[in-house]
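Protein chains in written order, with this note's numbering: chain A, 1 to 273; chain B, 274 to 621.
Just so you know, even glycine gets a beta-carbon here, dropped at the ideal spot from N, CA and C.
As the structure is a prediction and not an experimental result, all values here were calculated from the model.
So the structure is just underneath, and the comments pick up after that.
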Amino acid sequence: MSTFMKTDLTKSRPMIEVKEAGKMYGNHRALHAVDWQVTEGEWWGVVGPNGSGKSTLLQLLAGTEHPNDGSIQIDGRDISSYTRKDLSRMIAVLQQDGLPAISYPVREVVEMGRYPYQNWLGKEPSDGAAVVDKVLEELGLSDLAERPLDALSGGQRQRVALAKVMAQEPRLLLLDEPTTFLDIKYQLQFMELLSAWRQKNHITIVAVLHDLNLAAQFCDHILALRDGTCVGSGTPHSLMTEENIREIFRVSPAMVNHPDNGLPQLLLRREKK
Amino acid sequence: MSKKLAVYGTAGIVLLVLTVLICTGIGSVALPVRDIAGILLHRIPWLGDWIVPDWNTAAEQIIWKVRFPRVLLAVLVGASLAIAGTGFQGVLRNPLADPFTLGVSSGASVGAAFLIFFGLQYALIGIWTLPLVAFLTGVITLWFVLTLAREGRKIPTHSLILAGVVMQSFLGAVVSFLSTMSKQTINEIIYWTMGSLALRGWSYTAILFPYFVLGLIFLWSRARSLNVLALGERQAAHIGVKVDGLKLSVLAVGTLLTAGAVSVSGVIGFVGLVIPHILRLIVGPDYRLLVPLSAIGGAIFMVWADTIARSLLAPTEIPLGVVTAFVGAPFFAYLLHRNKKLRKGMMP
């Protein structure tokens, strides 16, 4: 996709339209009649307790699972009308477990992000190698390019995972708890890298996040799920209130405003005995 | 990547050509490499005119009618089994998978043995009957093994091997039973249990050749997808790989290659296990290199194994499967041991 398509003309176009979508696994209803719209360029955080259907929703958006009822439209077309490669040129997914410890060198793993652009001979019309070089440079991975993946630390490996999805040049990025296995330094670094990438390329981001404080600081909008249904959506200010948190997570927090930017932040309270 | 392929590919082909020349010379009548090269080059149109024959015609008969077709068949069988193993390991993401350990070879041999037992090897579609039936029984066996080994969506390494062993010993027993029952064709069926390339001639090479060429092209064209699959099935799907289609087609082509090899040479184990593994240690995990280099490596391995089989105890022939098992089984044990340590990281 060329860049001009992403600019002003299409600013308010819906990137994702979820209509009454539901998903069953056997007899278990993982998702129930979810309605949701994401406009191009927005950053959404999806929050909710364990088993609330967050990851299921993400798999539906990624096209690796299909809804039992309702529909999902990506960029104005039903998701099932795209081929797997078409979808992968538009949507990239980063999972919480990141990359397995395989012995492929970093550059080759990042190059795998170019797969949807390549024909069966491995050639692509644009300059894929240049994209890979640029991404490695941007994420400070150039020095590690020839190192095998299984020789890297967890934080470095997650950066390679990010490099791979960046090389995929998606318009929509789906993240499933991407910071779970990172320490706080790498968590913050990872979110800042995402933020910088988004500013530069105006991509749309949907991130399932466990850490509500990170979600409040980085996302423009938050979607809250509980028991497979949508129980709220809005800006961090409107959604992250003491009452809502109690409703969604069944804990009683203390809410404070962040001293730097005034965004709502959550402090946990111990149960009173 | 392409530079690496050029370097290793050239080295491999040089080794293969030397292997063919040397091993063609080994036998009851030893012949110098120079004569063999001359005899073979002489057969090539245009080029042959430049070579003046200075060898005796008896030697030429031995080389062209007996030894060379056998060596060439070893090349094709070894290459086919090795790339089949590479493909199986790629889609199952399991370094211990190969046509033999998965029971596919035994499955194919049951089909072949049945046809021979009832004297139907050339029924309906002539020389293609045997490979086709071997393919069908191979596919059925593979399906059984995979179903037996599956736990939910996953196929653990050890249960896959266990399922393969179970099928293998059962099907091996079926073939042995058939050969016991059969009076006149006993020798022919026994070939299929231990593997042999003796007395095959040119027609067998012609049967296997198209299988090998198509199989090689297909697997090589899927090399990038196999690389991506190393990230895991879900991640591969996110990058644009049609995972189910890839797995099915590679398993089918691997089985077809195995069936082709088994129908001309019987059950020869461990080639598809040993060769890709050694190559991984040398060139790394990239399937764009592993597929073509496995073909070359498998060919070299098989030519030497067959040379040992026919010349070590000459004039008695050792079954070829015995030779490869002597090398392969200890190697398999070593891999199993190593795999225990490397459980979480899939490929070595």
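What does the alpha-carbon distance come out to for the pair residue i and residue j?
i, j, result
"Gly234 of chain A", "Trp197 of chain A", "23 Å"
"Leu499 of chain B", "Val165 of chain A", "18 Å"
"Val132 of chain A", "Tyr104 of chain A", "15 Å"
"Phe601 of chain B", "Val516 of chain B", "Contrary to the premise, residue 601 of chain B reads as Gly rather than Phe in this sequence. One C-alpha to the other measures close to 31 Å."
"Ile312 of chain B", "Val306 of chain B", "10 Å"
"Leu58 of chain A", "Leu212 of chain A", "18 Å"
"Ala303 of chain B", "Lys338 of chain B", "16 Å"
"Gly380 of chain B", "Ile299 of chain B", "34 Å"
"Leu214 of chain A", "Ser126 of chain A", "36 Å"
"Asn119 of chain A", "Ala471 of chain B", "43 Å"
"Trp36 of chain A", "Leu174 of chain A", "15 Å"
"Pro318 of chain B", "Gly545 of chain B", "35 Å"
"Tyr374 of chain B", "Pro603 of chain B", "The sequence as given places Thr at residue 374 of chain B; Tyr does not occur at that position. One C-alpha to the other measures close to 14 Å."
"Leu369 of chain B", "Phe605 of chain B", "8 Å"
"Pro264 of chain A", "Leu239 of chain A", "9 Å"
"Arg423 of chain B", "Gly437 of chain B", "12 Å"
"Val287 of chain B", "Ser275 of chain B", "18 Å"
"Arg147 of chain A", "Leu593 of chain B", "41 Å"
"Pro277 of chain B", "Tyr395 of chain B", "The amino acid at residue 277 of chain B is misidentified as Pro; the sequence shows Lys. Those two C-alpha atoms are separated by around 45 Å."
"Arg507 of chain B", "Leu61 of chain A", "14 Å"
"Pro178 of chain A", "Gly98 of chain A", "8 Å"
"Gly63 of chain A", "Ile480 of chain B", "43 Å"
"Thr414 of chain B", "Ala92 of chain A", "38 Å"
"Arg316 of chain B", "Leu291 of chain B", "18 Å"
"Arg269 of chain A", "Asp183 of chain A", "23 Å"
"Phe408 of chain B", "Thr528 of chain B", "6 Å"
"Val412 of chain B", "Gly384 of chain B", "11 Å"
"Ser378 of chain B", "Ile205 of chain A", "49 Å"
Have a look at the DSSP bridge pairing and note the partners of residue i.
i, result
"Ser233 of chain A", "A:Leu223"
"Leu29 of chain A", "Note on residue identity: the sequence assigns Arg, not Leu, to residue 29 of chain A. DSSP output for Arg29 of chain A lists A:Met24 as bridge partner(s)."
"Leu174 of chain A", "A:Val93, A:Val206"
"Val18 of chain A", "A:Trp36, A:Ile72"
Could you list which residues in chain A have their beta carbon closer than 7 Å to that of residue i, in chain order?
i, result
"Gly505 of chain B", "Pro100"
"Val364 of chain B", "Neighbours of Val364 of chain B on chain A: none; closest Cβ ~15 Å, over 7 Å."
"Ser494 of chain B", "Trp120"
"Val348 of chain B", "In chain order: nothing, as chain A lies at least about 26 Å away."
Return helix, strand or coil for residue i, following the three-state DSSP convention.
i, result
"Glu424 of chain B", "strand"
"Ala285 of chain A", "Nothing about residue 285 of chain A can be reported from this structure: the residues present for chain A run from 1 to 273 only."
"Asn201 of chain A", "helix"
"Trp36 of chain A", "strand"
"Pro549 of chain B", "helix"
"Pro368 of chain B", "coil"
"Pro264 of chain A", "strand"
"Ala254 of chain A", "strand"
"Leu403 of chain B", "helix"
"Phe390 of chain B", "helix"
"Thr597 of chain B", "helix"
"Ala568 of chain B", "helix"
"Asn213 of chain A", "helix"
"Ala359 of chain B", "First, the residue type needs correcting, since residue 359 of chain B is Thr and not Ala in the sequence shown. Thr359 of chain B falls in the helix class under three-state DSSP."
"Ala396 of chain B", "coil"
"Asp559 of chain B", "coil"
"Asp579 of chain B", "helix"
Cβ closer than 7 Å: which chain B residues qualify as neighbours of residue i?
i, result
"Lys85 of chain A", "Gly513"
"Gly113 of chain A", "Ile512"
"Ala207 of chain A", "Within 7 Å Cβ-Cβ: nothing; Ala207 of chain A doesn't reach chain B, min ~15 Å."
"Val93 of chain A", "His511"
Find the residues of chain B that neighbour residue i, judging by a C-beta separation of less than 8 Å, and give them in chain order.
i, result
"Trp197 of chain A", "Per Cβ cutoff of 8 Å: no residues; Trp197 of chain A is ~17 Å from chain B at best."
"Gln118 of chain A", "Arg497"
"Gln279 of chain A", "Residue 279 of chain A lies beyond the residue range present for chain A, which begins at 1 and ends at 273; the question has no answer from this structure."
Quick one: which chain E residues come within Cβ less than 8 Å of residue i?
i, result
"Ser80 of chain A", "Looking at the structure shown, chain E is missing, and the protein chains on hand are A and B."
Kindly list, in the order they appear in chain A, the residues whose Cβ is closer than 8 Å to that of residue i.
i, result
"Gly526 of chain B", "First, the residue type needs correcting, since residue 526 of chain B is Val and not Gly in the sequence shown. Ordered by position in chain A, no residue passes the 8 Å Cβ test against Val526 of chain B, which lies about 15 Å from the chain."
So residue i contacts chain B; which residues on that side make the cut at Cβ distance below 9 Å?
i, result
"Val160 of chain A", "The contacting residues do not exist; Val160 of chain A stays about 11 Å from chain B at best."
"Ser88 of chain A", "Ala510, His511, Ile512, Gly513, Val514"
List, in chain order, every chain A residue whose beta-carbon is nearer than 9 Å to that of residue i.
i, result
"Val501 of chain B", "Met112, Tyr115"
Contained beta strand (DSSP E) runs [length at least 3] in the stretch 43–110 of chain A, N- to C-terminal order
43–47, 69–74, 91–94
Curious, which full-length beta strand (DSSP E) runs of at least 3 residues does the stretch 275–344 of chain B contain?
none
Runs of alpha helix (DSSP H) wholly within the stretch 412–492 of chain B (minimum 4 residues, chain order)
For the stretch 412–492 of chain B, whole alpha helix (DSSP H) runs of length 4 or above, ordered along the chain, are 430–454, 459–467.
Report the start-end ranges of each alpha helix (DSSP H) in the stretch 121–152 of chain A that is 4 residues or longer and not cut off at the edges.
128–138
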